[in-house]
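As structure tokens, the structure follows; a few thoughts come after it.
Numbering (the numbering used here), first residue to last: 1 to 345.
Take a look at the structure:
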């Protein structure tokens, strides 16, 4: 697939290995067909595009095949504020157009970077939304460790049973519903800029968090976690050479230094047997260095760092991954606007 402009997200339709939706930073949502290598515009949203803003994430409802509902994450202007806006839409039966149904959630953004963008439905049917710390550098507003802000948090909300006056409700089993020090929507805190997360076949969340000056990281995230930013960068104290606490902060299962790459892009478990060497492995990349890796997700996340299998390095900017109904993986090149499938060499 070629001809996209600055792709930010891809998703295949349920049961399909050929067609789905593609997002571009500039606000375009396209219907793609990988079999005949075509993509056609479905909608053009009015979005902000400075720095890391844009049309950033899409999630199809678990019953998308029946109800056509999808959710988008976009950077938009609201009066004098730049905000991240989560909206719900309904696609036409032929998927060639979408109709906006309403706003689910908004949050003000102090800077134009670290907006994150990924949203995805978990195996529990809840909508998970990852937010970065709000940007600039070093988390100047301490959002990562402030449980009272949406920024720097992974949210878990119920969009199927919304409360009166808003587009969602709080799941009763969210970890901090009885704790005034953390917002009820939060499922995990201590994030810097989660650029893509996904769920393993056994239901665990695997999240890639972009680092500051020295390390990129892959995390297994569970309910009530504090992933450590801005006290720690990956498994290291932040700022470097400072003294920091470890517990009860959750360390990543994999990290790599900036000598190998400096902006991680999370991916998926490769569930196809098309490439036996990585079947069952989590595949991810680095936006700056163009490297791709595969790791085995451990059952025990408190152990030693896992080892990565290098899949290669290419002159491209991997901005997002997708997985089709057969479990095969695809990666988009932000620079050229192309989408590639991972196949045996």
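Beta carbons: idealized from backbone N, C-alpha and C, even for Gly.
Residue environment: residue 326 is assigned as exposed (fewer than 16 neighbouring CB atoms within 10 Å of its CB, all protein chains considered).
Inclusion of residue 147 and residue 229 in the CB contact set at 8 Å is not warranted, their separation being larger than that value.
The beta carbon of residue 65 lies closer than 6 Å to those of 14 in the same chain, with the five residues before and after it left out.
Straight across, the Cα-Cα distance linking residue 279 with residue 10 is about 21 Å. Counting other Cβ atoms within 10 Å of its Cβ, residue 171 reaches 16 or more and is therefore classed as buried. Rounded to the nearest whole angstrom, the C-alpha separation of residue 274 and residue 233 is 35 Å. When the beta-carbon positions are compared, residue 8 and residue 24 come within less than 8 Å of each other.
Pairing residue 132 with residue 151 gives a Cβ-Cβ distance under 8 Å.
The Cβ atoms of residue 313 and residue 289 lie closer than 8 Å to each other. The beta carbon of residue 1 lies closer than 7 Å to those of 32, 34, 37, 39, 338, 339 in the same chain, with the five residues before and after it left out. Assigned with DSSP and collapsed to three states, residue 276 falls in helix.
For residue 255 and residue 220, the gap between their C-alpha atoms comes out near 12 Å. Taking C-beta atoms as the reference points, residue 195 and residue 116 count as a pair closer than 8 Å.
Between the region 260–272 and the region 234–244, the count of Cβ pairs shorter than 8 Å is below three; the stretches do not touch.
Comparing alpha-carbon positions, the option among 30, 141, 54 lying closest to residue 94 turns out to be 30.
Nearest neighbour of residue 57 by Cα position, chosen from 114, 153, 96, 120, turns out to be 120. Between residue 153 and the set 328, 16, 114, the nearest pair of CA atoms involves 114. Scanning its chain for C-beta atoms nearer than 6 Å, with the 5 sequence neighbours on each side dropped, one finds around residue 282 the residues 206, 269, 295, 297, in chain order.
Judged by DSSP in its simplified three-state form, residue 184 adopts coil rather than helix or strand. Just so you know, the alpha carbons of residue 237 and residue 231 end up roughly 6 Å apart. Judged by their CB atoms, residue 318 and residue 287 are nearer to each other than the 8 Å cut-off. Comparing alpha-carbon positions, the option among 193, 186, 67, 54 lying closest to residue 82 turns out to be 54. Taking the Cα of residue 42 as reference, the smallest distance to any Cα among 48, 86, 60, 22 is reached at 22. Listed in chain order, the non-local C-beta contacts of residue 246 below 6 Å within the same chain number zero, local neighbours out to five positions each way being set aside.
Boundaries of the alpha helix (DSSP H) harbouring residue 64: 64–67, taken from the DSSP string. Partner residues in a beta bridge of residue 136, as assigned by DSSP, do not exist. At least 8 Å separates the beta-carbon of residue 249 from that of residue 335.
For residue 7, the pairing in a beta bridge is given by DSSP as 24. Distance check between residue 137 and each of 155, 192, 78, 108 places 192 closest, using alpha-carbon atoms only. By the 16-neighbour rule on beta-carbons within 10 angstroms, residue 27 is buried. For residue 111, no beta strand (DSSP E) run applies, since DSSP gives it neither H nor E. Taking every protein chain shown into account, the CB of residue 80 has fewer than 16 other CB atoms within 10 angstroms, so this residue is exposed.
Residue 162 and residue 100 have their C-alpha atoms spaced approximately 17 Å apart. Beta-bridge partners of residue 127 (DSSP): 121, 157. A direct Cα-to-Cα measurement between residue 50 and residue 20 gives close to 27 Å.
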